[in-house]
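Report on one structure; see the data block that follows.
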Amino acid sequence: MARVTWKSKIGFIFAAAGSAVGLANIWRFPYIVGKYGGAAFICVYLACLLLIGLPVFISEVLIGRTAQKNPRSAFKELGKNKFWAGSGTFTIITGFLISSFYSVVAGWVLGYLVSAIFGQISHFTSADQAQNFFINLVSNPVWAVGFHLFFMCLCFFLLVAGVRKGLERGSEIMVPFLLFILIALVICGVTMPGSHVGLSFYLKPDWSLITPTTFLFALGHAFFTLSLGQGTMVTYGSYLGKKDSILNNCLPVAFIDTLIALLAGLAIFPIVFAVGLKPDAGEPLVFYTLPLVFSQLKGGYILALLFFLLLTLAALTSQISAMEPLIAYLIDEKKWKRSTSVITVAMGAFLFGVPAAFSNSIDPRFTLFGMNFFDLISYVVLEIMVPLGGFLAIILLAWKWGMKKAYKAIKAGPSNFWVDNAFMKGYLWVTIKYVAPILIGIIFLQSFIRR
Ligand code: PHE
0 MARVTWKSKI GFIFAAAGSA VGLANIWRFP YIVGKYGGAA FICVYLACLL LIGLPVFISE
60 VLIGRTAQKN PRSAFKELGK NKFWAGSGTF TIITGFLISS FYSVVAGWVL GYLVSAIFGQ
120 ISHFTSADQA QNFFINLVSN PVWAVGFHLF FMCLCFFLLV AGVRKGLERG SEIMVPFLLF
180 ILIALVICGV TMPGSHVGLS FYLKPDWSLI TPTTFLFALG HAFFTLSLGQ GTMVTYGSYL
240 GKKDSILNNC LPVAFIDTLI ALLAGLAIFP IVFAVGLKPD AGEPLVFYTL PLVFSQLKGG
300 YILALLFFLL LTLAALTSQI SAMEPLIAYL IDEKKWKRST SVITVAMGAF LFGVPAAFSN
360 SIDPRFTLFG MNFFDLISYV VLEIMVPLGG FLAIILLAWK WGMKKAYKAI KAGPSNFWVD
420 NAFMKGYLWV TIKYVAPILI GIIFLQSFIR R
């Protein structure tokens, strides 16, 4: 049977952008910038994107497009032995784990969307009120698990619709609208009295804030935001035709993803400082800050509604992309029906996510290595498994399959500005073959040795 492919020429771009743009950009990026060094973190992060994230992204899409298979079979085809097949399976498991706790945060967003409908998040008069509102909600286990389940059901329906209809359509609407609303929020934030302190935190690097952890988190986030290291981009690449240009498809996605994250930070930090919140508030940062702005604006009700609707859509297109590798594997290898695969993966991810959803409601003394379950699983997955998956993909492509073949495959398809550019060629060779694998290794080692 011929493999399903993207419906239109830009189908991959929209679906991959839909996967990349999500909670990592709008929820996670601002909070880790606030926690791990402000503008200095951003500089390290952008360097990680350029030297590691983009080369790994291109490598993963190329592996998928070359093999036209799910991650396990694709790794096996290029690597030709059990180790590489096992590495492919490892990335599929990582994707599944991501989808389990990602849905918990997406559930919070969905819950906020419902609160927005009832006008509950556009009338706060102080930062304390906004904080207490969030804390009360997430510490209620019925609320947290209920919305986690609700969100998973939405994903289920989108996923049974399949690659063409489900994945492409959602992103086509979501990405442009999200850009538009973020720009509106940036304008609101920047024009608030006292916003300049936030702007300088966000834009003026203070290098003394950098620690070994900064590098690990910047690396993990660069991978997470581009949906790398866990099979998604290999799977999406496998729906590309052999003659579709890799660079024309990958570069716009990386650009849009970075732009949206930077705009989210630019919207949030001026507000954080203007209303006297702490930038290192962690996971709840977005939920504390934006409702305060919505409360101060005339059209706040509508803006809140629109914002959480778009964020829910962004989370949906990312979540389904985290579930797709395992679904593709069950269909390709185990010959399951699509609907059976989808329901199994959705139920599994829901059940795995339940302890994470409970993390904020059970006794805070139940911790492991000083972290609650949610923090622990996201640390292990995002800071260890994801970079390791990306590392394996790039080693497979550049060292096992061979850089010559890889570069030839990158060039396949219509000639264009990027492919014929000598600088681009040098950049790809050097980063894919040497810089990215070496830097991933160094960052890993230094962060564990100096712990
Ligand atoms: N890139 C997504 C985001 O920015 C998260 C994600 C990671 C989705 C991995 C799928 C796989 O939110």
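For reference, each letter of the sequence shown is one residue, going 0 to 450 in numbering that gives the first Met the number 0.
C-beta atoms are modelled at their ideal positions from N, C-alpha and C, and glycine is treated no differently.
Computed from a predicted model, the values in this text were never measured in an experiment.
Go through its chain and collect everything with a Cβ distance to Ser194's Cβ below 8 Å, but skip five positions before and after it. Gly188, Pro269, Ile270, Phe272 and Ala273
What residues in its chain sit with their C-beta under 7 Å from that of Phe133, if we drop five residues either side in the sequence? Pro283, Phe286 and Tyr287
What is the DSSP secondary structure of Met370, counted as helix, strand or coil? strand
Closer than 8 Å is the cut-off here; do at least three beta carbon pairs connect the stretch 118-133 with the stretch 308-319? By the Cβ rule, the stretch 118-133 does not count as touching the stretch 308-319, because fewer than three pairs are nearer than 8 Å.
Under 7 Å from any heavy atom of ligand 1, does the C-beta of Ile97 make it? yes
Ser114 versus Thr213: straight-line alpha-carbon distance, rounded: 35 Å
Is the beta carbon of Asn371 within less than 7 Å of some heavy atom of ligand 1? no
How would you write the range of the alpha helix (DSSP H) that Thr213 sits in, first residue to last? Pro211 to Thr224
Rounded to a whole number of angstroms, what is the C-alpha to C-alpha distance between Leu109 and Lys424? 43 Å
Smallest Cα separation from Gly240: which of Arg64, Ala421 and Val20? Arg64
Under 7 Å from any heavy atom of ligand 1, does the C-beta of Val32 make it? Val32 Cβ: outside cutoff for every heavy atom of ligand 1.
How long is the line joining the alpha carbons of Lys34 and Arg2, rounded to whole angstroms? 44 Å
Just to check my reading of the structure: Leu158 and Val341 have Cβ atoms closer than 8 Å, yes? What is that Cβ distance to the nearest angstrom? 5 Å
Beta-carbon spacing of Gly85, Lys242 below 8 Å: Cβ atoms of Gly85 and Lys242: not closer than 8 Å.
Cβ-heavy atom distance, Ser170 to ligand 1, below 7 Å: no
Pairwise C-alpha distance: Val144 and Ala217: Spanning the two alpha carbons is a distance of roughly 30 Å.
Here's the rule I'm using: 16 or more other beta-carbon atoms within 10 Å means buried, otherwise exposed. How should Val429 be labelled? exposed
Report yes if the CB atom of Leu396 is closer than 8 Å to the CB atom of Ile431, and no otherwise. yes
Pairing CB atoms from the stretch 96-106 with CB atoms from the stretch 345-355, are three or more of them under 8 Å? yes
Keeping to the same chain, check which residues put their C-beta closer than 7 Å to that of Lys75; ignore five residues upstream and five downstream. Trp83, Ala84 and Gly87
Alpha carbon to alpha carbon, what distance is there between Gly275 and Leu308? 27 Å
Roughly how many angstroms lie between the CA atoms of Pro251 and Ile12, to the nearest whole one? When rounded, the separation of the alpha-carbon atoms in Pro251 and Ile12 is 7 Å.
Are there three or more Cβ pairs, one per stretch, closer than 8 Å when the stretch 403-423 is compared with the stretch 38-52? no
Contacting residues, own chain, Cβ-Cβ under 7 Å from Cys154 (five flanking each side not counted): Leu315, Gln318, Ile319, Met322 and Ala345
Roughly how many angstroms lie between the CA atoms of Ile383 and Thr257, to the nearest whole one? 22 Å
Secondary structure at Gly275, three-state DSSP: helix, strand or coil? Gly275 sits in coil when the DSSP states are folded into three classes, being neither helix nor strand.
Helix, strand or coil at Gly193 according to DSSP, with G and I counted as helix: coil
Whole-angstrom distance between Leu289 and Ala126, CA atom to CA atom: In a straight line, the C-alpha of Ala126 is about 10 Å away from that of Leu289.
Verify the contact flag: Phe223, CB atom, against every heavy atom of ligand 1, threshold strictly below 7 Å. yes
When you measure from the CB of Thr90 to every non-hydrogen atom of ligand 1, does any distance come out below 7 Å? no
In terms of residue numbering, what span does the alpha helix (DSSP H) encompassing Ile474 cover? Since the first residue of the chain shown is 0 and the last is 450, residue 474 is not available in this structure.
Which residues bound the alpha helix (DSSP H) around Ala321? Gly299 to Asp331
Quick check: is any heavy atom of ligand 1 less than 7 Å from the C-beta of Ser18? yes
Which value, in whole angstroms, describes the spacing of the CA atoms of Ile31 and Tyr235? 28 Å
Compute every distance between the C-beta of Gly21 and the non-hydrogen atoms of ligand 1, then say whether any falls below 7 Å. yes
Would you kindly check if the distance between the Cβ of Leu136 and the Cβ of Leu263 is under 8 Å? What sits at residue 263 in the sequence shown is Ala, not Leu. No.
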